[in-house]
Amino acid sequence: KDILEYYQSNSNFYGDLDIPKIITQFFDMSIIGNMWYNRFKRQLYYNYKYRDDTATVNFNQKFVIHKGFRKALKLW
558 KDILEYYQSN SNFYGDLDIP KIITQFFDMS IIGNMWYNRF KRQLYYNYKY RDDTATVNFN
618 QKFVIHKGFR KALKLW
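Numbering (our numbering), first residue to last: 558 to 633.
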């Protein structure tokens, strides 16, 4: 939601981008994955396409950038 809100408020800088399609493609390439917290097991879980070929992007969960890309892009 934050990504969509940011895009909508700044769309004049980006033109016509299909944000859900871009996020889905990033997920399918395992650039990003989903992250969620299991409160019963008190543990974070991550889901990437490369780990599970049947995985699909879940827009209701948080996104996380793959550690390899974070390092390459110097995001940490």
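Every residue, glycine too, gets a C-beta built ideally from N, C-alpha and C.
What you are looking at is a predicted structure, and each value in this text was computed from that prediction instead of being measured.
Per the DSSP secondary-structure output, G590 pairs in a beta bridge with V621. Pairing N591 with K619 gives a Cβ-Cβ distance under 8 angstroms.
For L601, the uninterrupted beta strand (DSSP E) segment begins and ends at Q600 to N604. In its chain, beyond the 5 residues on either side, G590, N591 and A612 have a beta carbon closer than 7 angstroms to the beta carbon of N604. DSSP lists no bridge partner for N615. Contact between I588 and F626 holds, with the beta-carbon distance rounding to 6 angstroms and staying under 8 angstroms.
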